[in-house]
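Written below as structure tokens is the structure these notes are about.
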RNA sequence: CGGGGUGUAGCUCAGCCUGGAAGAGCGCUGCGUUCGGGUCGCAGAGGCCACAGGUUCAAAUCCUGUCACCCCGACCA
């Protein structure tokens, strides 16, 4: 492929809006062009990478025994109402109306539609187990698209769904998907760690995310150096610092003028933050909830939501706080009525805490659960932090930032029951299928590949996803000897089944070398009068610093060998 | 939706405070030059200064509103 024909337009400087490395390189290398927030056009060069990623996914999914299907992106809204998720997805669901006023949604995911297809095709236990997948465009009206390709409003997802007769065989389907994912990420050159995760809006049981650890990530991951436990912060189990021991003392009202925050009150009264009781107000599915937690801890809203069995939890707005007569800055569960009081176990186990007096500028000392206040519900709803103890081995947990690349989880029978996916078992009894579901974000993977495979000069593609195997730079292409050598190089590469991008532009050598580094093909071949004098073409690998001059055929063979070795051993 | 920031040429940005003929570098087109790490010269094309309203003799510049985009939070692949 000649570079002139590929519409490769590199940028010397990245547009100001790009902050993430991957975003900057995507734009500078001319792989994508932004259209609107969360929407990108792919150029011929960028699309080749996307297709390579999809090829890897397809190969590994097929190898795992999954079957590729294709489902519409346009969904009748009734399907979403049937599952109950039309309301759950809220504004994230793009909605539209056809000419007959029938309502549709643009699919943000496909549990509903795959269930429809499954309900029409699965009849007997003899049809099971089966895993169906597709690589399809998803639409989500995200509140905040971000980071270039990290969070899009229209994106490509490989989504797979397994159907089993029971939980035991679901485990096998889940494990097969899990193994396929590990192969996919390894081949694509994205280092990932599997972490325990919350199953989120889709619901279900066991759930794991494949997370690419990077400072650019939007998720917080807790890792245990002792036993290898890894979990998303919203899911992570841990042991908070222990409470201070002591005998229950009589409650006492103290004047705390102008002291509102935990830090202020603790300092004023000469106690540690873990000797205080923090009050936080939420609305769970629009209903007010009073949350009590030890002062040194923060509320994990996902755990709170799960403890309440709520669909949605959001911080209470100031107006509602006032209307309910809650005293922000001096609130405690003492004497609170008319709303549930959810307490973290930390608040229940500690003794003699300092809490609000529910009147401005006053606090109470020596509050004790059971005596001074009573929780409606006690649960573990605190957010894990770096340094907290691992639940399994007691080691201090570490935190890292990460990007969720893929998610696998066990759905169970929820969708099967709502959407009518049943089979007849050996005894002729009608049973719901036990489902699992598995997703990978394709564009996000592209961004992660760049985050994980670049240097100061640009992208350094892993062989499997590189848009071309070799970048051929011609210097002095006007000279017949160079032009002839160029043809030899091209045919030698082609003879090995290698794809080459030939820089035939009429630019200076410096520009061509800079662009070759930026665009990042694994191998670079330079053809010039100088190289011909030395006996052939110069071969250099993007990740190496040495170069060698070889006859065209030998150079092509060396590229083929390097490629084969890299593919055999996994990407460098 | 809450908080912060930015909108001037394809890209990076000056100009705005203090109103008075729209600029630079890069990129693009043409000619020449150069030819192993973003050559050099000459000549060009390219802007409704985000949009709307207002103030003024006069608005990129001052005022009001709107929109878009980016960043931080709540959500997800």
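Numbering (our numbering), first residue to last: 288 to 859. Glycine included, C-beta positions come from ideal geometry on N, C-alpha and C.
Under DSSP, residue 651 shares a beta bridge with 540 and 642. The way I'd put it, the segment 504-519 doesn't touch the segment 615-631; fewer than three beta-carbon pairs between them come closer than 8 Å. Inter-residue distance for residue 600 and residue 513 is about 34 Å (C-alpha atoms, whole angstroms). Between residue 509 and residue 523, the gap from beta carbon to beta carbon is short of 8 Å. In the three-state scheme derived from DSSP, where H, G and I count as helix and E and B as strand, residue 443 is classed as strand. Within the same chain, 826 come within 6 Å of residue 835 by CB-CB distance, once the 5 residues on both sides are set aside. Non-local beta-carbon contacts of residue 704 in its own chain, meaning distances under 7 Å to residues more than five positions away in sequence, involve 719 in chain order.
Below 8 Å, enough C-beta pairs join the segment 747-766 and the segment 814-822 to call them touching: three or more. Taking 8 Å as the cut-off, the beta carbon of residue 475 is found no closer than this to the beta carbon of residue 353.
Secondary structure in the segment 547-625: the beta strand (DSSP E) runs of 3 residues or longer, each lying completely within the stretch, are 564-571, 574-581 and 600-602 in chain order.
Counting along the chain, residue 479 sits inside no beta strand (DSSP E), nor does DSSP assign it H or E at all.
Proximity to residue 753 across 350, 322, 852 and 334 peaks at 334, based on C-alpha coordinates. In the DSSP assignment, residue 732 falls within the alpha helix (DSSP H) that extends over 729-739. Within 10 angstroms of the beta-carbon of residue 413 lie fewer than 16 other beta-carbons, which makes it exposed. For residue 816, the enclosing alpha helix (DSSP H) starts and ends at 816-820.
In this structure, the straight-line span from the alpha carbon of residue 693 to that of residue 495 is close to 8 Å. DSSP, read as helix, strand or coil, puts residue 750 in coil.
If you draw a 10 Å sphere on the C-beta of residue 546, you find 16 or more other C-beta atoms in it, and that means buried.
Bounds of the beta strand (DSSP E) holding residue 719 are 717-719. Cβ-Cβ distances below 7 Å link residue 845 to 826 and 837 in the same chain, with the five nearest sequence neighbours on each side left out; the list follows chain order.
Within the same chain, 575 come within 7 Å of residue 611 by CB-CB distance, once the 5 residues on both sides are set aside. In the displayed model, residue 627 falls within coil according to three-state DSSP, outside both helix and strand. When the alpha-carbon of residue 741 is set against those of 768, 378, 548 and 805, the nearest one is in 805.
In the DSSP assignment, residue 508 falls outside any alpha helix (DSSP H) and lies within the beta strand (DSSP E) extending over 506-510.
Cβ-Cβ separation between residue 461 and residue 497: approximately 13 Å, too far for a contact (criterion under 8 Å).
For residue 783, there is no enclosing alpha helix (DSSP H), as DSSP marks it with neither H nor E. Residue burial annotation: residue 724 is buried, with at least 16 other C-beta atoms found within 10 angstroms of its C-beta. Distance between residue 650 and residue 525, taken at the CA atoms: about 30 Å.
Put simply, of 313, 305 and 307 the residue whose alpha carbon is nearest the alpha carbon of residue 296 is 313. In the structure shown, residue 465 falls within a helical segment according to DSSP collapsed to helix, strand and coil. The beta carbon of residue 796 is closer than 6 Å to those of 762 in its chain, skipping five residues each way along the sequence.
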